[in-house]
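Notes to accompany the following structure.
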Amino acid sequence: MNPDPCASWHDEPMSDLLDELDAWIDANWDPDLTVRAWWERLGLAGWAAPSLPAHAFGRDVSRNEAIAIAKRIAERGALNAPGGLGMLLAAPTIATHGTPEQIEQYVKPIVTGAQGWCQLFSEPGAGSDLAGLGTRAVRDGEEWIVNGQKVWTSSGHLSDMGMLIARTDPDVPKHNGISWFAFDMHQPGVDVRPLREMTGRALFNEVFLSDARVPDRALVGGLHNGWAVANTTLAYERSGLGAGAGAPMAAAIAGTIAGDLDKRAGDFVKGERRGGGGGGAMTAGAQRIFTEMAKRTGRITDPVVRQKLMKLHTLGEIGRYTTLRQKALRAKGQDIPGAGNIAKLSMSEIVRQSRDLGLEIAGAAGTLHAYDSDHRRVLDDATGNPFLGVLTEMALFAQAPPIYGGTDQVQRNILGERVLGLPKEPNNDRTMSWSELPKNG
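Using this note's numbering, count along the sequence shown one by one with no gaps and you end on 1101.
Below, the structure written as structure tokens:
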């Protein structure tokens, strides 16, 4: 019996695709190329973002096939595709809603790694209620003048461009007066400030926009139609973060700010990292760490620890098979309603389980944490445990995934209302103009 229930319908085309990729790598990979030159070859050939449509520098392949392509690039010893929110969110959103000119202008620099992107969505008073955002964009001829504040902006300090949603009409219901812009971060009036987390890192930022400008041609998806475009972005975010993710990404950072583009591509190959940030990626990495730590501490024979390791493995496999099931249904023109929301909830559960199991294995040492590279070396030497810093950082960070990308509560509301058809709580936000609604904060 074939152990893979999906093998009968994906093995042969996948084999042909990987053979084509192997031949292309043989002809094109050169570790002495700059990162910029290599990523340009990879992106323009459609291998950097193969799940994008062919008209948007992709190859129209499924997500699982895209993951297999990324893994094969890594296996062949070549530098993998650029990562970041440009690839995960901006490129597929613009490919869906943008004009051919916008795809050429914005998607091409993403797939070739020339530009890094961030997401200018959340605000201090508009997080879970994202449609309540107050950042304003006011037309001034062929431009829009933008004023407001964004927060929890991942990699904002390394970004050339931003996915900006702003209110372009305050006198209609809040979901109707929003527009989605491709926003230039390199301009006066953009102030990016890091937000240091309890892990010791500053992955997130707050961004202040003061009379910043964006051209009308950068408006994606139509005026006042930004809520529909933003929901496309959020759908890609949830599926990308969810269980079953985990393709390798390059250690080099996309865009002009990090300074990696003109470095030798081969120097980054050994630094390949797991991508996606999702539960699938976290499970794969965490299980290896937990298993090794359990062996070192003698906890590997503890039946409770073994049971929890298997629970993590099972959750990861459910996510992987759900992704395969979704692929099979889409091939028939069908879908799993709410699949992205389910994946996001699964990822949240995985990181909670990982946090609890990791700290259980670490014992009292789990109360120790290093907040910079020098202290991490000291902690490794003091404990003799090179995995402890990774484990404690994961445990501290585990509080974030159930919040970012839409809270667990928001995901359940979406599933209840849009998938199960349960009634919404009564409110006026669909009929009353945004300017008349009570404001948070």
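The C-beta atom is built at its ideal place from N, Cα and C for all residues, glycine as well.
According to DSSP, what are the bridge partners of residue i?
i           : result
residue 805 : 798, 873
residue 880 : 840
residue 825 : 840
residue 850 : 869
residue 924 : 694
residue 611 : This structure leaves residue 611 out entirely; the chain is present only between 661 and 1101.
residue 885 : 838
residue 810 : 867
With DSSP collapsed to three states, give me the class of residue i.
i            : result
residue 858  : coil
residue 934  : Low local confidence applies: a pLDDT of 42 at residue 934 is under 50, so the model's placement there is unreliable, with the coordinate-based value given in what follows. Of the three classes helix, strand and coil, the one that applies to residue 934 here is strand, per DSSP.
residue 820  : coil
residue 714  : helix
residue 1087 : coil
residue 864  : strand
residue 939  : Note on residue 939: pLDDT 44, under 50, position unreliable in the model; the coordinate value appears next. Three-state result, residue 939: helix.
residue 786  : strand
residue 987  : helix
residue 1007 : helix
residue 1071 : helix
residue 1062 : coil
residue 768  : helix
residue 1051 : helix
residue 1013 : helix
residue 777  : strand
residue 909  : strand
residue 968  : helix
residue 680  : helix
residue 955  : helix
residue 960  : helix
residue 734  : helix
Shorter than 9 Å from the beta carbon of residue i to some beta carbon of chain C?
i           : result
residue 862 : Within the model displayed, chain C is absent; a lone protein chain is all it includes.
Could you check whether residue j and residue i sit closer than 9 Å to each other, using their CB atoms as the reference points?
i            : j            : result
residue 754  : residue 730  : no
residue 732  : residue 678  : yes
residue 837  : residue 829  : yes
residue 802  : residue 875  : yes
residue 1064 : residue 812  : yes
residue 1018 : residue 960  : no
residue 1055 : residue 1014 : yes
residue 851  : residue 916  : no
residue 695  : residue 921  : yes
residue 827  : residue 1066 : no
residue 699  : residue 739  : yes
Is it the case that the CB of residue i approaches a heavy atom of the ligand HEM more closely than 8 Å?
i           : result
residue 724 : Looking for the ligand HEM in the displayed structure turns up nothing, as the structure carries no ligands at all.
Taking contact to mean at least 3 C-beta pairs separated by less than 8 Å, is the stretch 852–870 in contact with the stretch 970–990?
-> No, they do not touch.
Touch test, the stretch 1025–1032 against the stretch 1042–1051, Cβ-Cβ under 8 Å, three pairs minimum | By the Cβ criterion, the stretch 1025–1032 is in contact with the stretch 1042–1051, since at least three pairs of Cβ atoms, one from each stretch, lie closer than 8 Å.
Would you check if there are 3 or more beta carbon pairs closer than 8 Å linking the stretch 755–762 to the stretch 680–690?
-> Verdict: no, contact absent.
Taking one C-beta from the stretch 793–809 and one from the stretch 875–892 each time, how about it: are there three or more such pairs within less than 8 Å?
-> As far as the Cβ criterion goes, the stretch 793–809 touches the stretch 875–892, which means the pair count is three or higher.
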